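K.L.:
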Amino acid sequence: MCELLWSDPQHMSGRAPSKRGVGCQFGPDVTAAFLAKNKLDYIIRSHELLWSDPQHMSGRAPSKRGVGCQFGPDVTAAFLAKHMLDYIIRSHEV
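Throughout the sequence shown, residue numbering follows the UniProt record's numbering, covering 1 to 94 in sequence.
Here's what the structure looks like:
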């Protein structure tokens, strides 16, 4: 579980040891393979506040929808319904 939570993207291809000592760093090729294998379009991750545009590691144009926004239960419910999800796990619940 620790590796899953503390691994970070990098711009170089492949994998590398994490500079933090926990988890690893992974490149766009690793991300693309994971997305293809799991039939996903995106990995959305955020544990640090970005004051500018989001980092986009896959080479596709990023969407700015929702970036830097505070949202309430109504938006969360709409997102869950649209994507046929039951729940979003927040960092304080892990």
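Note that the Cβ used here is the ideal one computed from N, Cα and C, for glycine as well.
Since we're looking at a predicted model, the values are computed, not measured.
#1: Just to confirm, is the Cβ distance from P28 to S13 under 8 Å?
#2: Along the chain, where does the alpha helix (DSSP H) containing K37 start, and where does it finish?
#3: At what residues does the beta strand (DSSP E) containing R15 begin and finish?
#4: Using CA coordinates, which residue listed in D8, Y42 and K37 is at the minimum distance from G21?
P.N.:
Quick answer:
#1: yes
#2: P28 to K37
#3: R15 to P17
#4: D8
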